[in-house]
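Peer 1:
In our numbering, the protein residues as written are 186 to 633.
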């Protein structure tokens with residue numbers, strides 16, 4: 186059973202060494218896990234909230250896409266796309282906006298921080314606050330719920346937004362699910378072991394501190410940046426405190442255990458800071474040199490990048506398009522041609538009183554039962570990894586398509602596309618089994 190994991194990548198800057206060690210590298214490693222179904226997207230709609238420079242937005246999208254691919258993201262194993270290439274996401278955002286409480290959004294940290302800042306400055310509380318900023322959590326909820334992600338790795342500052350996505354998804358399920366969970370409620374994943382690299386001045390590496398080391402600058406730019414790392418004033422030959430040195434911390438993030446031990450020993454033995462910086466530069470060059478070449482090749486061919494991202498969008502929309510259709514139907518945005526058929530189908534179901542009951546097992550998987558008019562169980566589905574998959578099988582059983590029912594001993598099963606999707610309980614004898622199959626066919630009979 187796979188776990189779907191989803192990560193959004195902000196597109197308002199050029200990636201640096203801290204981004205790689207803290208987010209990109211662990212995400213790419215996770216995408217290679219056969220137990221993970223990884224979705225990574227360029228959050229370019231989100232970028233519009235923070236940046237009104239079109240050239241910067243465009244350049245950042247290009248650089249970040251090239252960065253992830255150059256560092257080894259396999260788009261055959263992961264789904265890699267631009268948020269803006271999935272039109273179902275803004276439509277879902279509107280559906281969710283219509284159920285999201287303003288009081289909930291009032292409590293969002295980013296909005297509250299803007300209000301507090303305005304109040305302190307004597308301004309109107311909502312001065313400069315756009316609806317993009319205010320509704321940011323709803324768009325993030327749409328990103329997550331569109332693909333029914335089970336796990337969402339985030340920094341601690343984003344925990345609240347995932348919790349809000351759960352609240353909004355749960356509200357939607359309650360209003361429109363009719364006993365079925367349309368959305369999987371996502372869980373936060375906090376990467377406690379993710380590296381937080383120090384910058385040139387020892388503070389956290391951040392563009393806001395102007396202390397970053399470029400990820401894919403030229404070899405000279407990399408060497409110059411490493412040379413600017415602040416160290417203490419100990420001279421060559423004097424023992425250095427490896428644990429207290431952020432230069433050593435940077436080295437640790439990219440070195441093997443053997444290299445770390447050797448470097449520590451040399452620092453404590455009096456290695457000059459200039460030579461230590463040269464060792465760090467050489468390690469980074471060995472680690473990133475080939476990826477830099479791939480990055481430059483991708484940047485030089487933006488049309489190839491475009492093709493890769495559009496292929497990723499096509500892959501993502503194979504999930505998003507039918508799922509949005511299901512959601513549109515759930516809220517009542519249905520074709521008039523289907524209205525009479527739907528009404529007739531509802532009458533027939535009411536008459537025979539057979540019903541499906543969806544539930545989650547203790548292991549988190551999704552299942553459903555079919556109960557007959559007397560409440561007796563006719564079918565129990567197999568386990569599904571997500572509610573959407575269970576819902577699609579449920580829907581097909583009710584669609585009126587011919588049933589493939591197979592009996593074996595005192596049990597029968599229903600097959601769809603060559604797969605056993607649900608089975609009956611064991612009956613006392615063949616007569617009881619035949620009667621149960623007849624009740625099943627009656628309950629799922631196509632509309633006259």
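Glycine residues also receive a C-beta, built at the ideal position from the N, C-alpha and C atoms.
1) Going by DSSP in three states, residue 252 sits in which element: helix, strand or coil?
2) Look at the alpha carbon of residue 438 and the alpha carbon of residue 206, and state the distance between them as a whole number of angstroms.
3) Using the DSSP secondary-structure output, state which residues sit across from residue 600 in a beta bridge.
4) Is DSSP giving residue 539 helix, strand or coil here?
5) Compare the Cα-Cα distances from residue 231 to each of 303, 567, 327 and 255 and report the closest residue.
6) At which residue ranges does the stretch 354-403 contain complete beta strand (DSSP E) runs of 3 or more residues, listed in the order of the chain?
7) Distance, Cα to Cα, residue 573 vs residue 556?
8) Please state whether the Cβ-Cβ distance between residue 564 and residue 542 is less than 8 angstroms.
9) Hey, residue 196 and residue 249: beta-carbon distance below 8 angstroms or not?
10) By the DSSP assignment, the beta strand (DSSP E) with residue 268 in it spans what residues?
11) Mapping the DSSP letters down to three states, classify residue 221 as helix, strand or coil.
12) In whole angstroms, what separates the C-alpha of residue 487 from that of residue 513?
13) Could you name the residues of the same chain whose beta carbon sits closer than 6 angstroms to that of residue 392, not counting the 5 residues immediately before and after it, in chain order?
14) Whole angstroms is fine: what's the gap from residue 366's alpha carbon to residue 396's?
15) Counting only the same chain and skipping the five closest in sequence on each side, list residues whose C-beta sits under 6 angstroms from that of residue 614.
16) Leaving out five residues on either side along the sequence, give the residues of the same chain with a beta carbon under 8 angstroms from the beta carbon of residue 233.
17) Go ahead and pull the three-state DSSP assignment for residue 416.
18) Along the beta strand (DSSP E) that carries residue 194, what are the first and last residues, could you check?
19) Per DSSP, residue 566 forms a beta bridge with which residues?
20) Sort 321, 306, 308 and 283 by Cα distance to residue 292 and report the nearest one.
21) Does the distance from the C-beta atom of residue 337 to that of residue 383 stay below 8 angstroms?
Peer 2: Concretely, from the data shown:
1) If DSSP states are grouped into helix, strand and coil, residue 252 belongs with the helices.
2) Going by the C-alpha atoms only, they are around 7 angstroms apart.
3) In the DSSP assignment, the residues bridged to residue 600 are 589 and 605.
4) In the structure shown, residue 539 falls within a coil segment according to DSSP collapsed to helix, strand and coil.
5) The shortest C-alpha separation from residue 231 is found at 327.
6) Correct list: 372-374.
7) In a straight line, the C-alpha of residue 573 is about 21 angstroms away from that of residue 556.
8) Taking 8 angstroms as the cut-off, the beta carbon of residue 564 is found no closer than this to the beta carbon of residue 542.
9) The beta carbons of residue 196 and residue 249 sit closer together than 8 angstroms.
10) In the DSSP annotation of this structure, residue 268 is not part of any beta strand (DSSP E), being labelled neither H nor E.
11) Residue 221 falls in the strand class under three-state DSSP.
12) Looking at the two C-alpha atoms, the distance is approximately 36 angstroms.
13) The residues are 198.
14) C-alpha of residue 366 to C-alpha of residue 396: approximately 46 angstroms in a straight line.
15) Same-chain partners within the cutoff: there are none.
16) Contacts found: 242 and 317.
17) Three-state DSSP puts residue 416 in coil, outside helix and strand.
18) Segment 188-195, the beta strand (DSSP E) holding residue 194.
19) DSSP lists 607 as the beta-bridge partner residues of residue 566.
20) Taking only the C-alpha atoms, the option nearest residue 292 is 321.
21) In this structure, the beta-carbon distance from residue 337 to residue 383 does not fall below 8 angstroms.
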